[in-house]
Amino acid sequence: MALARLTLASGRSVDLAELRFSSTYGDLLSTYGDLLEGYPCRPVNDLRIRELLRAAERSHPGTPVHLVPPPRERPDQYAGGLGPVEVLPAVACLGMFHSAALDPAHDPVLYRSRLAVVWFQPAPHLPSGCDTERALRDIDWPGLARDTRALA
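At position 50 of the sequence shown (counting the first as 1) the number is 50 in full-length UniProt numbering, and the numbers step up by one without a gap.
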């Protein structure tokens, strides 16, 4: 059973089979300590994104992983030793999506196309309908997803 069904801008329907939320900065100090001075900046954000992509790869081996580039805000605040403050949306999301097979030669009962997606959003909510982030609806499914045998 899918958590949500989305219609991509291309018209393809995809099912959200699994979704994990995490706080973008909730563990900043405990994870990085004084090493990164504990403020959101490009190096911290890039590290967090790499960490999320690795987690997606470990959680779904053999499934392609895609990052929806997050919006990065630069509030007018004091720049620390690692550069200006740069803030990502508060919630990091890791979703596992599946849809019909891409290759028409694949048996539609035995194959599905799959893609793990990492994206950021301001609050923890299921993507659905008009509330879905535009960049999430614009995913190039045929270019990113991969056909795999459906799980029994």
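Beta carbons are placed, not taken as given, at the ideal position from N, Cα and C, and that holds for glycine.
From a predicted model like this one, the values you see are computed outputs, not experimental measurements.
Per DSSP, cross-strand counterpart(s) of residue i
{"i": "Leu19", "result": "Gly95"}
{"i": "Gly83", "result": "Gly80"}
{"i": "Tyr39", "result": "Note: Tyr39 sits in no beta bridge, so no partner."}
{"i": "Ser128", "result": "Per DSSP, none; premise fails for Ser128."}
{"i": "Asp147", "result": "Ser113"}
{"i": "Phe5", "result": "Residue 5 is actually Arg in this sequence, not Phe. DSSP, once it has assigned bridges, lists Asp15 as partnering Arg5."}
Pairwise C-alpha distance: residue j and residue i
{"i": "Leu3", "j": "Glu18", "result": "7 angstroms"}
{"i": "Arg74", "j": "Arg42", "result": "10 angstroms"}
{"i": "Ala92", "j": "Asp103", "result": "31 angstroms"}
{"i": "Tyr39", "j": "Gln121", "result": "19 angstroms"}
Residue interval of the alpha helix (DSSP H) (run including residue i)
{"i": "Asp46", "result": "Arg42 to Ser59"}
{"i": "Ala135", "result": "Arg134 to Arg137"}
{"i": "Leu144", "result": "Trp141 to Leu144"}
Reference residue i; option with closest CA among the options
{"i": "Gln77", "options": "Pro70, Val87 and Ser22", "result": "Val87"}
{"i": "Pro108", "options": "Thr148, Leu144 and Pro69", "result": "Thr148"}
{"i": "Arg50", "options": "His98, Trp141, Trp119 and Gly143", "result": "Trp119"}
{"i": "Leu110", "options": "Gln121, Val117, His98 and Ala116", "result": "His98"}
{"i": "Pro70", "options": "Asp46, Leu8, Pro84 and Pro64", "result": "Asp46"}
Residue i and residue j closer than 8 angstroms at C-beta
{"i": "Phe21", "j": "Pro124", "result": "yes"}
Boundaries of the beta strand (DSSP E) in which residue i is found, first to last residue
{"i": "Val65", "result": "Val65 to Leu67"}
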